[in-house]
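Number 491 marks the last residue of the sequence shown (the working numbering); no jumps. Just so you know, even glycine gets a beta-carbon here, dropped at the ideal spot from N, CA and C. Keep in mind that this is a model prediction, so the values were computed, not measured.
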Amino acid sequence: MNHKFLKLSSGLALTLVAAAWLNTKNTSALYQSSLSAYVDNVKTQVDGDLLLDNPSVKREMNLNIGVTAKNKSGYKVVVNSKTDNTALNNSDPAKPDKIESITSDKALNNFTANTWGYKLSTATSYSPIPSLSHPATIANSSEKEVTNQKTILNLGVNLGDDLRPGDYINQLVVSVVANTYQKEAIMDKGESFNKAITYLGKRSSSNFFGHGQEMIEHFRRSTTSPTAGDKAIEIQDNANSDYAIKAWYKEADKTVYYYAEAEKIFLAPDSSNMFKNFTHVQDLDLAKFDTRNVINMASMFEAAEKVQNLNLANFDTTNVTNIRNMFSGMTELTSLDLSNFNTKQVTDASNLFNNLQAATEIKLGANFTLENATTLAGIFANTCKVASLDLSMLSTTNVRNFDNLFSLAGIGTTTAACPAGDALTTIYASTNFVVDASAQAENLFAGRTNLRGGNGSHETDPATADKTWLRLDIAGAPGYFTAKP
């Protein structure tokens with residue numbers, strides 16, 4: 007018998023959807039995708055001598071596909087024959103013999119003579135060879151960065167004793183494709199942002215005292231990119247942002263302008279301290295900020311005391327866990343609408359509204375539950391002009407610190423924080439406002455001389471009210487809360 011052997015050549019094609027920006031030269035160090043791959047054993051053979059002693063031969067061969075990739079949405083591996091002809095064809099045109107693809111999933115032992123198929127090394131059954139017009143995705147990774155990640159492809163063949171001698175050839179194409187993703191402009195983390203914007207104010211020619219934050223009165227988005235004369239700096243997260251975010255200071259109008267090619271700007275997971283201590287800023291243009299990825303908003307606007315109006319209607323706080331001091335010290339803010347805020351993941355809400363001395367309304371929505379919060383210390387302290395608070399959505403089962411919850415800074419109706427007196431008369435709550443027996447709860451209502459429970463209950467000196475007063479006011483059980491109508 008002449009030698010019979012199977013020869014199978016597997017080619018490799020790499021397709022990068024991200025290729026448009028892979029090799030683009032950037033003036034800044036932005037996020038760069040990369041992708042490389044290899045296939046070993048690209049020429050796989052079965053020696054026909056094996057047929058001398060065996061009426062049929064079932065063989066399994068391996069292809070190792072290795073991928074090294076950096077891409078936000080991962081990659082996929084696709085396999086198909088070079089054409090829609092999936093058979094292994096005799097290279098001699100005079101010999102029409104073929105090794106056909108199997109037509110349904112089956113184990114190698116169940117292959118009919120002169121057929122072949124493929125499977126992943128982890129699979130138990132082989133599948134038909136995918137054609138050019140019907141390729142098969144054999145791997146789909148969502149990992150953002152991998153090094154030499156392996157996918158092992160098994161090729162199985164059953165050679166019958168009636169197979170005529172010759173080279174039986176087809177070509178498999180292995181395509182490694184970077185998954186597409188929407189390019190994003192991602193802001194640097196909050197503390198770094200704060201330092202960068204402060205630097206812009208510091209280098210102002212009229213800044214004689216070196217306090218950069220005091221030089222900034224407005225923060226606005228520009229519809230046009232900066233000129234060379236603007237001396238812009240970059241404030242994006244270089245490790246993850248696909249776009250540069252430019253910022254510059256205009257001394258004429260005391261404004262920091264920012265610009266990004268992308269419409270939305272995603273804030274960093276840690277966006278704490280972003281505008282902290284910008285004591286002279288009057289307005290903040292945040293309309294195109296996307297906060298869905300933010301986890302930490304602590305002290306985000308703390309001590310931005312000149313801001314009178316703050317529009318956060320676009321803020322998504324679903325993933326936020328820390329809002330400590332977020333609005334603390336915004337002493338000129340006239341009202342605050344957080345009806346869109348979801349605080350179900352928040353664990354720390356201490357001093358959230360502390361020293362909102364000018365605000366006449368703090369509006370909370372149905373998802374402002376604080377159900378996982380462990381501390382609410384000082385959350386409504388020194389809110390002088392709010393006449394009523396609707397806290398009926400709060401669930402406080404997990405809170406262990408209520409210290410200074412509603413207290414004012416001084417004693418009586420005239421205090422250091424509220425020299426014109428206190429307006430708070432009503433706090434609406436529900437039975438979900440629960441106070442654990444072990445919870446800290448000192449100095450809860452100090453200075454709240456106008457506050458009354460639903461039945462009119464109150465202490466002559468509200469500073470003496472202990473945590474038993476954190477409840478609905480009913481006959482025989484006085485409290486400072488009122489059931490919502």
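query                                                                                                                                                        : result
Thinking C-alpha only, which one of Arg-330, Ser-137, Leu-318 is nearest Ala-309?                                                                            : Arg-330
Here's the rule: buried if 16 or more other CB atoms are within 10 angstroms of the residue's CB, otherwise exposed. What is Arg-170?                        : exposed
How long is the line joining the alpha carbons of Ser-401 and Phe-439, rounded to whole angstroms?                                                           : 5 Å
Tell me the start and end of each unbroken beta strand (DSSP E) in the segment 119-185 that is at least 3 residues and wholly inside, in chain order.        : 121-126, 142-147, 151-165, 173-175, 177-184
What would DSSP say about Met-332, mapped onto helix, strand or coil?                                                                                        : coil
Ile-203 by DSSP, collapsed to three states: which one?                                                                                                       : helix
Is the segment 75-86 close to the segment 178-191, with three or more CB pairs under 8 Å?                                                                    : yes
From Val-352 to Ser-107, what distance separates their C-alpha atoms?                                                                                        : 57 Å
Output the distance between the C-alpha atoms of Ile-105 and Ile-158, rounded to the nearest integer angstrom.                                               : 23 Å
Once the 5 residues before and after Phe-281 are set aside, which same chain residues still bring their CB inside 6 Å of it?                                 : Phe-307, Ala-310
When the Cα atoms are used, what is the spatial distance from Asp-479 to Ala-266?                                                                            : 53 Å
Mind checking which residues open and close the beta strand (DSSP E) that includes Gly-72?                                                                   : 63-76
Helix, strand or coil for Ala-266 per DSSP?                                                                                                                  : strand
What whole-angstrom Cβ distance do Pro-468 and Ala-452 have, given they're in contact under 8 Å?                                                             : 6 Å
Can you tell me which of Asn-120, Ser-148, Glu-190, Pro-136 puts its alpha carbon nearest to the alpha carbon of Asp-167?                                    : Asn-120
So Arg-226 is in the beta strand (DSSP E); what residue range does that whole segment cover?                                                                 : 224-227
Could you pull out every residue in the same chain whose Cβ sits closer than 6 Å to the Cβ of Pro-61, ignoring the five residues on either side in sequence? : Since pLDDT at Pro-61 reaches only 48, below the 50 mark, its modelled position is unreliable, and the value read off the structure follows with that caveat. Excluding sequence neighbours, Pro-61 sits near Asp-167.
Is DSSP giving Lys-208 helix, strand or coil here?                                                                                                           : helix
Is DSSP giving Asp-59 helix, strand or coil here?                                                                                                            : Low confidence applies here, because Asp-59 scores a pLDDT of 45, under 50, leaving its location unreliable and the question unanswered by this model.
Write down the C-beta distance between Thr-431 and Asn-449 rounded to the nearest angstrom, noting that I regard them as a contact closer than 8 Å.          : So it is not a contact: roughly 20 Å between Cβ atoms.
Is it buried or exposed, Ala-383, if we count other Cβ atoms within 10 angstroms and call 16 or more buried?                                                 : buried
Tell me the rounded alpha-carbon separation between Val-262 and His-224.                                                                                     : 6 Å
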